[in-house]
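J.:
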Amino acid sequence: SDAGEYACRARNITGEATSVADLCIYSNQQQHDIIMSMEYEPRLTEPLKASYIIREGQPVKLSCRFDANPRGDVQWLKDGIPIDFDELGISRDFTVVKEYDYTALLIKEAFPEDEGSYAVVIRNFLGEARSFTQLTVEEFFCRTP
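Once you know that position 92 of the sequence shown is 92 in full-length UniProt numbering, the rest is easy, because the numbers rise by one and skip nothing.
The structure is reproduced here in C-alpha cells:
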C-alpha cells in the first residue's frame with residue numbers, strides 16, 4: 001500500500017522548510033478515495049499593519065490572519081514581553097480574539113502607556129510565523145477658554 005507519512009524538505013541559503021503529509025487510502029468495491037492531510041508551519045496571510053496611530057481614549061484593534069496545519073498557538077507580546085490572558089482571553093488592559101485563521105488584540109481605550117511595539121507569534125510543531133507593529137497614542141488635549 002502507498003499509505004503512510006510523506007515529507008518534503010526544501011533548503012536554500014536563507015533556510016529550510018519541511019512539510020509533512022499523512023496519506024490514507026480507503027477503498028470499497030465501487031470506489032477508491034484518497035485522503036491526504038498536509039501539515040505545514042504557520043504562515044501569515046494578512047500580517048499586522050506596520051503601524052497604528054490612535055488618539056488617546058479611542059479603541060484599537062490589532063489584527064492579522066494566518067494559515068497553519070495543525071492549527072497554531074497564538075501569543076501576543078508588547079515590547080517583547082508576552083501578554084498574559086485568562087482562559088477567556090482577557091487581561092487587565094487587553095482582550096484577545098482567536099478564531100481558526102484570525103487573531104486580534106483589542107484595547108478598549110488606548111492610553112499613552114499602551115504605546116509601543118506589538119507582535120503576534122503563531123506556532124505549531126513545524127515552526128512559527130511572526131508579525132510586528134508599532135502603536136502610537138496621541139495625547140488628547142482640551143483647551144479651556
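All C-beta atoms, glycine included, are put in the ideal place defined by N, C-alpha and C.
DSSP state of Asp73, grouped into three classes?
T.: The answer is strand: DSSP assigns Asp73 an E or B state.
J.: Less than 8 Å between the CB atoms is what I'm expecting for Arg123 and Pro42, so what's the real figure, rounded?
T.: That pair is a contact at about 7 Å.
J.: Specify, as a first and last residue, the run of the beta strand (DSSP E) that Ser91 falls within.
T.: Looking at the DSSP string, Ser91 is not in any beta strand (DSSP E), and its letter there is neither H nor E.
J.: Ignore the nearest five residues each way along the sequence and tell me which others in Val137's own chain have a CB closer than 7 Å to its CB.
T.: Around Val137: Ile54, Glu56, Ala110, Phe111, Pro112, Asp114, Glu115.
J.: Can we say the region 88 to 104 touches the region 126 to 133, given the rule of at least three CB pairs closer than 8 Å?
T.: No, because fewer than three Cβ pairs between the region 88 to 104 and the region 126 to 133 fall closer than 8 Å, the two stretches do not touch.
J.: Which residue comes first and which comes last in the beta strand (DSSP E) that contains Gly127?
T.: 127 to 138 is the span of the beta strand (DSSP E), which, as asked, contains Gly127.
J.: Please identify the residue among Glu16, Pro59, Ser37, Ile13 whose C-alpha is closest to the C-alpha of Ile107.
T.: With distances taken between Cα atoms, Ile107 lies closest to Pro59.
J.: Please name the residue in Glu99, Cys24, Arg11 whose C-alpha comes closest to that of Arg65.
T.: Cα-wise, what sits closest to Arg65 is Glu99.
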